[in-house]
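In the working numbering, the protein residues as written are 597 to 827.
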């Protein structure tokens, strides 16, 4: 995560000691200040203080469960980004978590670097202005109102899914996006590790964006995912 004068403050509400320590260690390595609580009721009390930039929230907790916590937070007007973490991986549970007010949903077991990447995306999204009309990375521009894309002076024709995929990547330029993150953000349902849907769409998008003679903007990060940005 990008370092700032003031460290990013993260509240981790997690009753499993090992998982809590892994989260704290990963985020601390990125310069975050992490406070861990193991009880749902205490976690809700701290979450409502407004003292945190982001929250990682376990689904199953003693005291109050994660769904109740995030529902009550949103009802109280607390808009702190929440990354829900759960061993419950079926689609219905993920949908319930998101509809309750969670901003993203990560299933256990998870890779620590993906957890921190998802949290970084949530933080970046929160800092972004509410009304963005144009996205730009190098000479690649996207007009969200006109639904148009240009690489320099060249207009690029986009299908609906390609546009959503490119928009997600441009909003998170410079950030390595895993296949799971892309799948869930663009297709809006739980990641299927056996599908080649992402590879097919990414190949088409790369062909359209990485024009001959121009700086390649979409790159594969072997073993991690994809990144859009100037190398």
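We put the beta carbon where it would ideally sit given N, CA and C, even for glycine.
Ends of the alpha helix (DSSP H) at residue i?
i	result
residue 624	613-625
residue 794	793-805
residue 757	756-767
residue 776	775-783
Would you identify the three-state DSSP class for residue i, choosing helix, strand or coil?
i	result
residue 681	strand
residue 699	coil
residue 811	coil
residue 676	coil
residue 663	helix
residue 691	helix
To which residues does DSSP link residue i through a beta bridge?
i	result
residue 821	817
residue 747	736, 750
residue 731	738
Would you give the residue range spanned by the beta strand (DSSP E) that residue i belongs to?
i	result
residue 607	605-609
Suppose contacts are defined by Cβ-Cβ distances below 8 angstroms. Is residue i in contact with residue j by that definition?
i	j	result
residue 778	residue 794	yes
residue 660	residue 636	yes
residue 718	residue 671	no
residue 678	residue 648	no
residue 811	residue 767	no
residue 682	residue 656	yes
For this session: Report the residue ranges of all beta strand (DSSP E) runs contained in full by the segment 630-661; include only those spanning at least 3 residues, in chain order.
Result: If we require 3 residues or more, the beta strand (DSSP E) runs fully inside the segment 630-661 come out as 650-654.
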